[in-house]
Amino acid sequence: MMVVDRKKWILLVSCLTILTKNVESHSNMLLPLSWLEVKQFIRDVNGTWIFDYFGAKSYYQCAAGGAIPHDLICDKQHDCEGFQGHPGSSCFWYKNNTFVEKPTLFDPELRTYAHAPNQDLVLRHPWRAPGSAPIDSPCGVAGGNINGCEGGKCAFHKGGFGYGRRLEEIELPYEYHVTDWKRGSIVEVVWGITANHGGGYSYRLCKVPEGGYSKLTEECFQQISLEFVGDKQWVQYGEDKSRRVEIQATRTTKGTYPLGSQWTKNPIPACIGGLGGFYYPTNECPSGTQFKPPRPNLYGFGVNRAHTFPPFSFSIVDKVRVPADLPAGDYVLSFRWDCEQTPQVWNTCASVKLW
């Protein structure tokens with residue numbers, strides 16, 4: 030772990046966060062607090078400066094990681110080719126241009142972009158065979174294109190940038206937050222959406238390898254896919270649990286990889302059309318929605334190209350069961366979101382201690 034002046038680091042992080050809060054992004058896990066989270070000065074819903082983590086605060090879905098030193102993420106030769114802004118945003122850790130060999134998900138209740146104009150385009154996107162699309166890191170690659178992009182034009186390859194590093198291989202200049210979980214207990218996990226690519230998601234555990242985080246593999250996480258609890262989930266506005274809205278969850282273990290692993294459908298429908306509402310001037314869906322919204326006003330794409338409306342102010346809460354038969358010790362939780370609109374998989378990681 031790098032040694033830095035803590036006061037200077039907090040000041041730097043807080044200043045850079047102000048500049049990077051509105052970066053156009055996609056989304057990722059919010060709770061447990063990921064490796065990208067560090068306490069800093071931020072504004073709460075009332076505009077008051079507080080010293081805290083971002084967590085599930087409204088409109089901060091992509092703010093974590095915004096102040097990670099540039100040279101930790103981008104190699105000197107390519108310098109995060111094709112990116113404008115700061116490359117550490119929590120919503121830019123993913124795998125770009127990844128496809129499944131053949132679709133295994135056909136249930137119309139699980140589809141999230143069934144009304145895209147050309148179904149051949151989404152047939153081999155990750156959500157059509159949950160968990161089987163290959164990725165370069167279980168914790169995410171900065172920019173999504175570890176080997177760059179054709180012609181160096183990553184901005185034209187579903188966004189992102191080229192030659193970013195794997196999150197598990199980066200020594201960040203602060204200690205990661207560790208969340209304590211009791212074995213056999215039921216715990217809450219939270220993620221948020223900024224750009225709605227549909228699809229669905231899973232949470233997985235891996236015991237920290239003897240060689241440390243850099244030795245983490247996707248195969249390790251595939252061994253411990255967590256089971257979701259119940260057929261309900263919640264939309265929560267900010268961190269106030271009293272503002273939760275219960276909705277029906279749609280989960281599946283059919284056609285998933287590893288065999289029998291449980292995945293949950295993204296419950297928020299985008300707008301009808303291949304772009305999901307990205308070019309609409311508001312977050313309304315004049316063309317209709319890809320599927321029936323779970324509640325009134327819970328639909329849309331999130332951000333739009335002109336930035337004329339903010340991303341969603343809510344997060345999505347699920348409950349998962351911590352396996353009772355796991356050895357106590359240090360683990361890593363990986364969030365994996367397989368998209369249907371785009372050939373992309375989002376990942377991030379958090380530290381948990383099982384007792």
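Position 329, counted from 1, in the sequence shown is what this note's numbering calls 358; the numbers after and before it change by one each time, with no gaps.
Backbone N, C-alpha and C define an ideal beta-carbon position, used for all residues, glycine too.
- Excluding the 5 residues flanking it on each side, V258 has same chain C-beta neighbours closer than 7 Å at I215, K348, V349, R350, in chain order.
- With the rule of 3 Cβ pairs closer than 8 Å, the stretch 192-207 counts as touching the stretch 91-106.
- For L65, the closest of R72, S56, D73 by C-alpha to C-alpha distance is S56.
- Excluding sequence positions up to five before and after E275, its CB lies within less than 7 Å of the CB of K261, W263, all in the same chain and listed in chain order.
- In this structure S254 is buried. Its beta-carbon is surrounded by 16 or more other beta-carbon atoms within 10 angstroms.
- If only uninterrupted alpha helix (DSSP H) runs of at least 4 residues are considered, those enclosed by the stretch 121-170 are 148-151.
- About 11 Å separates the beta carbons of L362 and L245, which is beyond the 8 Å limit, so they are not a contact pair.
- Here DSSP, grouped into helix, strand and coil, assigns F343 to strand.
- Between L59 and V219, the gap from beta carbon to beta carbon is short of 7 Å.
- Take W78, set aside five residues on each side of it, and the residues of its chain with a beta-carbon closer than 7 Å to its own are F70, R72, in chain order.
- Bridge partners of T281 according to DSSP: W292.
- Annotation for E247: no beta strand (DSSP E) segment contains it, though the alpha helix (DSSP H) segment containing it runs 247-251.
- Apart from the 5 residues on each side of it in sequence, D81 sits with its Cβ closer than 7 Å to the Cβ of K68, I71 in its chain, given in chain order.
- Around the beta-carbon of E179, fewer than 16 other beta-carbon atoms lie within 10 Å, marking it exposed.
- The way I'd put it, the stretch 169-179 doesn't touch the stretch 150-161; fewer than three beta-carbon pairs between them come closer than 8 Å.
- Apart from sequence neighbours up to five positions away, the residues of its chain that approach I297 with a beta-carbon distance below 7 Å are I222, N225, L327, Y328, ordered along the chain.
- The C-beta of F135 has fewer than 16 other C-beta atoms within 10 Å across all chains shown, which makes the residue exposed.
- For L101, the secondary structure class from DSSP, reduced to helix, strand or coil, is helix.
- Burial check for Q265: the Cβ neighbour count within 10 Å reaches 16 or more, so the residue is buried.
- For the 7 Å CB-CB criterion, F341 and G331 form a contact.
- Measuring C-alpha to C-alpha distances from P322 to each of N333, I301, E200, Y309 identifies I301 as the nearest.
- Per DSSP, reduced to three states, the secondary structure at R365 is strand.
- Burial check for K124: the Cβ neighbour count within 10 Å reaches 16 or more, so the residue is buried.
- G172 and P116 do touch by the CB rule: their CB atoms are close to 6 Å apart, below 8 Å.
- Taking a contact to require three or more Cβ pairs closer than 8 Å, the stretch 131-145 and the stretch 367-381 qualify as touching.
- The shortest CA-to-CA distance from R273 to any of S344, R365, F121, K283 is the one to S344.
- Counting along the chain, the unbroken beta strand (DSSP E) around T208 starts and ends at 207-210.
- Using a 10 angstroms sphere on the CB of W210, the tally of other CB atoms reaches 16 or more, which defines it as buried.
- Rounded to whole angstroms, the separation of the alpha carbons of C120 and W375 is 8 Å.
- Between the alpha carbons of R212 and K382 lies a distance of about 10 Å.
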